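Residue numbers (numbering that gives the first Met the number 0), protein chains in the order written: chain A, 0 to 111; chain B, 0 to 478; chain C, 0 to 532.
Where is the CB? At the ideal position from N, CA and C, for every residue including glycine.
In this text the structure is predicted, and so the values were computed from the model without any measurement.
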Amino acid sequence: MAKGKDQKDSITPEIFNHLVQLAAFELTQEESEYLRAELNAQLSAIGELEAIEIDDSVPITSHGVPYPAAITPELREDVILDCPEADDIVAGSPSNEDRYIIVPDIPHEELE
Amino acid sequence: MTQYEAIIGLETHIQLNTVSKIFCSCKADSWFDPPNTNICPVCTGLPGILPVLNRAAVEKAIRLAGAMGAEAIQATSYFARKNYFYPDLPKGYQISQYDEPLARGGYMDVPLSESDVRRVTITKLHLEEDAGKTVRSGQQRKIDFNRCGVPLVEMVTGPDLRSADEAAQYLIRLRQLLRWLDISEADMEKGQLRCDANVSIRAIGETGLNPKTEIKNVNSIENVRDAIEAEVQRQIREVEGGGIVEAWTLDWDEETATLRKMRSKETEADYRYFREPDLLPLAVDESWRDRLVEGLPELPLARRTRIAQEYGIPLYDAEILTEERSLADYFEGTVEIYAGEAKTVSNWLMNDVLRIMREKGLRAGQLKIKPDHLAEIIQLVDKKRINTTTAKDLLERVQKTGQAPGVLVEQEGLAQVSDSAELESLIKVVMEENPDQVATYRGGKTTVIGWFVGQVMRKSGGKANPQIVQELLEQSLRE
Amino acid sequence: MTDSLPDLPAREQSRLFRSGEVSALEIVEATLARIEALEGRSPTSAPYEQTPADLEKLHAYITVTAERARAQAQSLDQHRAQGGELGPLAGATLAVKDIFCVKDTPSTAGSRILETFISPYTATPVARLEAAGVIVLGKANMDEFAFGSSSESSAFLPPPGNPWKPTHVPGGSSGGSTAAVAAGEAALSIGTDTAGSIRQPAAFCGVVGMKPTYGRVSRYGLIAFASSLDCPGPIARDVEDTALMLQAMAGEDRRDATTAALAVPSLTAELDAGVEGLRVGLSPDYFKLKYPDPETGELHEQAITPEIEEAVRSAAQVLEQQGAIIVEDVPMPTTHYGIPAYFVISRVEAASNLHRYDGVKYGHRSAHSVDDLRLLYRKTRGEGFGPQPKLRILMGMYVSAEQYEQGYYQRALRVRTLIRRDFEKAFDPEGEYRLDALLSATTPTTAFKIGQVYGDSVLMQYADLLTVSANHAGIPAISVPAGFDNTGMPIGIQFMGPDFREAQLLRIAHAFEHGTMDASWRNIKPGVLDLEG
């Protein structure tokens with residue numbers, strides 16, 4: 000979405016970098032520019048939300064459809080069922096050894 | 000010189016002893032199983048999976064909240080997603096209650112001495128899922144998802160504890176309660192009960208709270224005590240030296256018994272909590288809640304007090320007899336059948352039955368010696384049908400065979416020998432075999448009579464009535 | 000006869016199979032031949048350069064599971080030979096949107112990050128269809144993780160084309176599904192609808208697509224996009240097939256705690272009951288739409304394409320002639336909040352749902368050797384996700400991160416309540432309007448050309464303007480073909496109804512279908528079939 004360069008972007012490069020860190024992405028410069036521009040464009044659409052008059056007494060809707068007790072499914076009974084997929088899950092992982100899934104270490108985080 | 004007091008709050012994570020996991024039907028207890036065996040698409044976070052809440056996990060949490068005297072077990076509580084990256088967290092988020100927990104408020108009274116009690120308040124209690132385990136192996140991490148999805152209750156106390164010992168006492172009482180209610184096995188070494196401690200200090204007389212540190216990864220009650228003690232001393236040294244206490248997170252290194260700083264609080268991750276859309280709000284209606292809370296058994300401290308008063312036994316005895324619920328049941332059951340002095344039953348339990356339990360690693364409820372067996376054995380002693388030595392032997396035999404004591408006494412011919420003629424012939428033999436000892440006695444050293452009693456007892460195969468043996472011996476030796 | 004097998008309705012394929020006139024294997028082979036003729040080169044994750052030939056073919060499937068389908072057909076044939084019981088769809092063919100896990104098949108969600116993921120389990124609604132004897136032919140192409148309205152954002156290219164004109168998009172995100180069904184590459188397809196992802200491509204491809212009530216069909220095995228909005232649903236060439244397919248999929252599932260504990264009534268019993276006395280509403284808020292100017296971002300009010308408006312109004316007439324009561328001017332003032340609220344809710348949920356793709360357990364792991372897991376996460380996710388997931392994840396981070404969120408998410412969930420209230424008012428049996436259904440266009444425009452809108456994430460999203468409200472409200476909605484525009488592209492109209500009243504919506508849609516059966520546009524066949532001829 001074309002937007003004048005002089006217009007102030009809500010998502011600055013600093014904020015963008017923080018979001019990228021939260022999202023755990025390695026991005027090329029080109030990708031970063033495209034994504035940041037699109038994000039700012041989407042934000043203007045979200046901005047429409049803020050204009051809506053709405054008081055705090057309006058409850059939130061989590062699924063649209065209400066779940067009265069009559070149609071709420073029962074909780075699960077505490078019984079063990081076999082896990083026939085266990086071997087496939089281990090075998091399907093990118094790296095495994097002796098039934099463990101293997102990843103590189105996370106270097107120590109201790110400061111002192 | 001300034002006197003300081005410690006201000007301690009504990010955040011405990013309690014593994015519930017349900018048979019299956021909290022959101023799927025995999026086996027929860029993997030202690031003896033190879034890695035990644037009790038796993039399924041749900042607990043390993045495969046694409047497309049959904050959680051389904053285990054009713055038993057909710058019920059155990061409600062019972063715990065009831066036992067802690069929660070002010071509110073909420074009619075509606077919610078699950079949220081706590082989002083972060085870690086290899087032991089397969090979905091990339093932990094499903095945990097957050098802003099609307101299952102229960103708020105409550106307390107536990109922790110006895111510090113016979114007259115002193117510390118009231119530890121509970122701020123909140125919520126349900127969540129456990130993460131997996133990772134093991135360092137050179138430059139790699141090995142991941143085992145077996146523990147993923149084991150149900151946990153997180154229970155947070157107010158800053159109410161005033162020393163490392165009090166913190167340890169709280170954990171001991173909590174462990175007792177969890178086992179008492181069959182909510183958790185609560186073995187810290189197995190990670191079934193885990194504890195983070197928030198520690199700060201203040202000069203006695205002050206009322207405000209100072210910056211605190213958080214101690215993590217402590218895996219036994221002794222270590223909790225040691226770690227908190229070390230941290231309190233460190234903070235005192237820091238403040239005395241003119242420094243300030245910073246809001247650090249500390250890691251307890253068991254091997255070196257020292258604390259290491261982990262990362263500063265300020266850099267803590269942003270978990271971006273939001274309501275878990277895959278689960279409906281958790282509705283706990285009044286009748287369900289009341290049925291669970293009203294169905295709670297008498298709690299350990301109340302029972303300890305009642306047992307001491309009702310049976311007229313020392314509080315010390317009552318404390319030991321209420322260490323676990325089946326032992327207390329055992330005691331009261333035995334007293335009822337025995338119908339004699341409760342203290343006698345208490346002595347037998349504390350000296351002999353507890354020893355057998357410890358040797359065999361059993362709880363009272365798991366013993367083959369049942370309360371009616373124990374009552375019968377004590378009655379046999381009272382009636383002098385058997386002597387104490389035989390009684391102790393009989394306990395072992397009942398535990399081994401599960402047969403009634405009376406039957407064993409008959410079968411094995413264990414009844415006490417009180418017949419004078421039979422005993423006198425044994426005495427005669429012993430005296431003939433040991434003329435030197437007879438001389439010693441007659442020379443005035445009458446204390447060797449004990450030795451003679453022992454010899455006669457041995458010859459009787461332990462069945463002789465020792466009082467009668469002594470009386471008969473005294474006559475014979477004087478002659 | 001075999002040549003026409005792929006064009007038969009599913010129930011007709013099944014009838015022929017059950018009566019022994021054709022074998023299940025013959026149905027499968029005929030459909031595989033159709034696939035072979037229309038598909039073109041197989042979509043891959045390799046760098047894509049469009050060729051002119053790509054614009055003549057469909058590319059509706061990411062994976063065709065021919066051997067699995069043959070095996071299933073043979074076992075059905077055996078079952079029939081042994082006199083086994085067979086349901087009303089046994090032997091019919093199905094394309095599964097690749098967002099559903101199907102055991103032992105690649106289940107990619109259209110993403111490179113799941114390219115190597117072979118699912119060890121099958122999604123509940125697919126498993127139910129398979130248990131009913133429906134034969135899975137393969138996995139249909141789609142927008143990556145269902146993030147889009149054109150299917151162009153798939154990591155597996157060429158993107159699917161529209162069977163009526165393969166230079167045009169089939170819509171999305173279930174575009175491969177609707178293209179396959181329209182072109183006879185399957186009789187049925189199972190799609191997902193988060194903001195219109197079944198109904199919009201159904202409208203673009205001239206087929207029927209239904210979003211059931213949230214909680215009516217299990218989401219277990221559906222690779223999650225926005226969990227509180229995602230709905231699996233049926234795609235077919237007519238209403239009766241749609242009803243039969245939904246019947247086979249629907250109902251409580253103990254693996255999805257959000258499925259309603261509610262019996263599913265017969266969805267076909269009243270299909271022919273007509274619309275006499277039923278109240279069908281029209282809302283001005285579905286004819287004029289507010290959306291931001293692509294240049295300035297300013298809000299504009301704009302009428303939907305006149306030909307589409309005309310199709311809606313003539314559909315109302317068709318129903319009125321059959322005795323329905325048309326209720327004009329039903330106010331639905333919150334309609335234009337749908338997209339902004341959706342921007343927030345879907346991004347927050349999507350960012351969280353996509354956290355799990357980290358290269359540890361399954362799917363893509365960066366081949367770069369790294370000695371820090373955190374670096375592996377960044378490389379894997381950087382390489383594995385295309386621009387659309389990246390965009391949605393980043394937006395999800397922004398509107399949920401503590402520093403920036405400004406209550407966006409809570410506010411969006413409240414707006415969702417307002418949207419829901421509009422529908423409750425319209426459907427209230429004691430209220431002013433007492434609607435049995437609300438009738439509207441499915442889309443503001445017909446299918447656009449491949450490449451025309453792609454890349455502009457905001458504009459693309461507004462293709463869902465008329466459909467997203469039903470997702471916010473959780474209510475059922477069905478899109479049915481209602482003619483063509485002057486360029487020959489299909490027009491779809493939708494009926495929205497009260498919670499769990501799918502049977503009634505299908506009945507109304509069926510009445511409309513019945514009332515237009517003799518219309519000349521019903522004889523127009525997808526252009527791609529002429530190309531084949």
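Between the stretch 49-64 of chain A and chain B, which residues of the former have CB atoms less than 9 Å from a CB of the latter, in chain order? Within the stretch 49-64 of chain A, those residues whose Cβ lies closer than 9 Å to any Cβ of chain B are, in chain order, Ile59, Ser61, His62.
Report all residues from its chain with a CB closer than 7 Å to the CB of Val274 of chain C; omit the five preceding and five following residues, and keep chain order. Here the question's residue 274 of chain C lines up with position 275 in the third sequence. Within its own chain, the residues whose Cβ lies closer than 7 Å to the Cβ of Val274 of chain C, once the five positions on either side in sequence are excluded, are Leu318, Gln321, Gly322, Ala323, Ile507, Ala510, listed in chain order.
For the stretch 89-170 of chain C, list the alpha helix (DSSP H) runs that are entirely contained and at least 4 residues long, ordered along the chain. Runs found: 123-130.
Helix, strand or coil at Arg201 of chain B according to DSSP, with G and I counted as helix: Within the second sequence, the letter at position 202 stands for residue 201 of chain B. Three-state DSSP puts Arg201 of chain B in a strand.
Can we say the stretch 50-63 of chain C touches the stretch 178-185 of chain C, given the rule of at least three CB pairs closer than 8 Å? Counting Cβ pairs under 8 Å, three or more are found: they touch.
Contacts of Gly220 of chain C in chain B (Cβ-Cβ under 7 Å): Locating residue 220 of chain C in the third sequence gives position 221, counting from the first residue. Gly220 of chain C reaches chain B at Gly47, counting residues in chain order whose Cβ is nearer than 7 Å.
Proximity test, Cβ basis, 8 Å: Ser19 of chain B and chain A: The count along the second sequence starts at 1 and reaches residue 19 of chain B at position 20. Residue-level contact by beta carbon holds for Ser19 of chain B and chain A, with a gap shorter than 8 Å.
Tell me the DSSP bridge mates of Gln14 of chain B? Here residue 14 of chain B is taken as the residue at index 15 of the second sequence, counted from 1. DSSP lists B:Leu151 as partners of Gln14 of chain B.
Please identify, using Cβ separations under 8 Å, the residues of the stretch 7-22 of chain A that lie next to chain C, in order along the chain. Within the stretch 7-22 of chain A, the residues whose Cβ lies closer than 8 Å to some Cβ of chain C are Ile10, Ile14, Phe15, His17, Leu18, Val19, Leu21, Ala22, listed in chain order.
Could you give the C-beta distance for Lys383 of chain B and Ser419 of chain B, rounded to a whole number, given that I count them as a contact under 8 Å? Sequence index remark: in the second sequence, residue 383 of chain B carries index 384 (1-based). Sequence index remark: in the second sequence, residue 419 of chain B carries index 420 (1-based). Not quite, the Cβ-Cβ distance comes to about 14 Å (not below 8 Å), so this is no contact.
If you count every other CB in all the chains shown that lies within 10 Å of the CB of Asn53 of chain B, and 16 or more means buried, which is it? Position 54 of the second sequence, counted from the start, is the residue given in the question as residue 53 of chain B. By the beta-carbon neighbour count (other beta carbons within 10 angstroms, threshold 16), Asn53 of chain B is buried.
Hey, out of B:Lys391, B:Arg324, B:Cys147, B:Leu379, whose CA is closest to Pro40 of chain B's CA? Taking the second sequence and counting its residues from 1, one reaches residue 40 of chain B at position 41. For Pro40 of chain B, the closest alpha carbon among the candidates B:Lys391, B:Arg324, B:Cys147, B:Leu379 is that of B:Cys147.
Show which residues of chain B have a CB atom less than 9 Å away from the CB atom of Ala69 of chain A. What you label residue 69 of chain A is simply residue 70 of the first sequence in a count that begins at 1. Correct list: empty, because the minimum Cβ distance to chain B is about 12 Å.
Straight-line Cα distance separating Ser136 of chain B from Glu265 of chain B: If you number the second sequence from 1, residue 265 of chain B lands on position 266. If you number the second sequence from 1, residue 136 of chain B lands on position 137. Below a pLDDT of 50, predicted positions are generally treated as unreliable, and Glu265 of chain B, at 41, falls in that range; no measurement from the model is reported.
Ala481 of chain C versus Gly205 of chain C - alpha carbon distance: Locating residue 481 of chain C in the third sequence gives position 482, counting from the first residue. Locating residue 205 of chain C in the third sequence gives position 206, counting from the first residue. Straight-line spacing of the CA atoms in Ala481 of chain C and Gly205 of chain C works out to 8 Å.
Nearest by alpha-carbon distance to Lys81 of chain B: which of B:Leu151, B:Asp269, B:Arg224, B:Asp32 is it? To locate residue 81 of chain B, count along the second sequence from 1; it is residue 82. For the residues B:Leu151, B:Asp269, B:Arg224, B:Asp32, the minimum Cα distance to Lys81 of chain B belongs to B:Asp269.
Less than 8 Å separating the beta-carbons of Val199 of chain B and Leu80 of chain A? The count along the second sequence starts at 1 and reaches residue 199 of chain B at position 200. The count along the first sequence starts at 1 and reaches residue 80 of chain A at position 81. The amino acid occupying residue 199 of chain B in the given sequence is Ser; Val does not appear at that position. Their beta carbons are not under 8 Å apart, which means Ser199 of chain B does not touch Leu80 of chain A by this criterion.
Let me know the secondary structure DSSP gives Val207 of chain C once reduced to three states. One-based indexing of the third sequence puts residue 207 of chain C at position 208. It is a strand residue.
Cα-Cα separation between Gln454 of chain B and Thr446 of chain B, rounded to whole angstroms: Taking the second sequence and counting its residues from 1, the one referred to as residue 454 of chain B is at position 455. Taking the second sequence and counting its residues from 1, the one referred to as residue 446 of chain B is at position 447. In a straight line, the C-alpha of Gln454 of chain B is about 14 Å away from that of Thr446 of chain B.
Just to confirm, are Glu184 of chain C and Leu37 of chain C a CB contact at a threshold of 8 Å? Here residue 184 of chain C is taken as the residue at index 185 of the third sequence, counted from 1. Here residue 37 of chain C is taken as the residue at index 38 of the third sequence, counted from 1. Yes; because the gap between Cβ atoms is below 8 Å, this pair is in contact.
Relative to chain B, which residues along the stretch 357-377 of chain C have a C-beta separation below 9 Å, given in chain order? From the stretch 357-377 of chain C, only Asp357, Val359, Lys360, Tyr361, Gly362, Asp370, Leu372, Arg373, Tyr376 have a Cβ closer than 9 Å to chain B.
Interface partners of Phe155 of chain C on chain B, CB under 7 Å: Indexing the third sequence from 1 puts residue 155 of chain C at position 156. By Cβ distance, chain B contributes nothing, its closest Cβ being about 16 Å from Phe155 of chain C, past 7 Å.
Report the residue from B:Val429, B:Glu478, B:Val437, B:Met261 whose alpha carbon sits nearest the alpha carbon of Met456 of chain B. In the second sequence, residue 456 of chain B corresponds to position 457, counting from 1. For the residues B:Val429, B:Glu478, B:Val437, B:Met261, the minimum Cα distance to Met456 of chain B belongs to B:Val429.
With a cut-off of 8 Å on the beta carbons, I'd call Leu245 of chain C and Ile70 of chain A a contact; round off their distance for me. The residue labelled residue 245 of chain C in the question sits at position 246 within the third sequence. The residue labelled residue 70 of chain A in the question sits at position 71 within the first sequence. Taking C-beta atoms under 8 Å as the contact rule, Leu245 of chain C and Ile70 of chain A fail to qualify, at a distance of about 18 Å.
Closer than 9 Å, Cβ to any Cβ of chain C: which residues of the stretch 108-133 of chain B, in chain order? Nothing from the stretch 108-133 of chain B brings a Cβ to less than 9 Å from some Cβ of chain C.
For a contact defined as C-beta to C-beta under 7 Å, what are the partners of Val347 of chain C on chain B? Taking the third sequence and counting its residues from 1, the one referred to as residue 347 of chain C is at position 348. Within chain B, the C-beta atoms nearer than 7 Å to that of Val347 of chain C come from Phe273, in chain order.
Straight-line CA distance for Leu266 of chain C to Glu251 of chain C? Within the third sequence, residue 266 of chain C is the residue found at index 267, counting from 1. Within the third sequence, residue 251 of chain C is the residue found at index 252, counting from 1. In a straight line, the C-alpha of Leu266 of chain C is about 16 Å away from that of Glu251 of chain C.
Determine the chain A residues that contact Ser95 of chain B at a beta-carbon separation under 9 Å, and present them in chain order. As a working mapping, residue 95 of chain B is identified with position 96 in the second sequence. Going along chain A, no residue has its Cβ under 9 Å from Ser95 of chain B, so there is no contact; the nearest lies around 17 Å.
I want to know whether the stretch 55-74 of chain A touches the stretch 103-116 of chain B - three or more CB-CB distances under 8 Å. Touching, no.
Helix, strand or coil for Phe483 of chain C per DSSP? Mapped onto the third sequence, residue 483 of chain C falls at position 484. The answer is strand: DSSP assigns Phe483 of chain C an E or B state.
Closest by CA to Cys230 of chain C, which one among C:Asn522, C:Thr466, C:Pro159? Taking the third sequence and counting its residues from 1, one reaches residue 230 of chain C at position 231. When the alpha-carbon of Cys230 of chain C is set against those of C:Asn522, C:Thr466, C:Pro159, the nearest one is in C:Thr466.
Should Glu76 of chain A be flagged as near chain B, meaning a C-beta pair shorter than 8 Å? Residue mapping note: residue 76 of chain A aligns to position 77 of the first sequence, counting from 1. Answer yes: the Cβ-Cβ gap between Glu76 of chain A and chain B drops below 8 Å somewhere.
For chain C, is any of its Cβ atoms less than 8 Å away from the one on Ser263 of chain B? Translated into positions along the second sequence, residue 263 of chain B becomes position 264. Note on Ser263 of chain B: pLDDT 49, under 50, position unreliable in the model; the coordinate value appears next. For Ser263 of chain B, no Cβ of chain C is located within less than 8 Å of the residue's own Cβ.
Chain C contact for Tyr77 of chain B (CB, 8 Å cutoff): The residue you call residue 77 of chain B lines up with position 78 of the second sequence. For Tyr77 of chain B, the answer is no, since every Cβ of chain C falls outside 8 Å of its Cβ.
Going by C-alpha to C-alpha distance, which of A:Gly91, A:Thr27, A:Leu42, A:Tyr99 sits closest to Tyr361 of chain C? Numbered from its first residue, the third sequence carries residue 361 of chain C at position 362. Nearest option by C-alpha distance: A:Gly91.
Other residues of its chain near Tyr47 of chain C: CB distance less than 8 Å, five sequence neighbours each side excluded: Mapped onto the third sequence, residue 47 of chain C falls at position 48. Contacts found: Leu156, Pro157.
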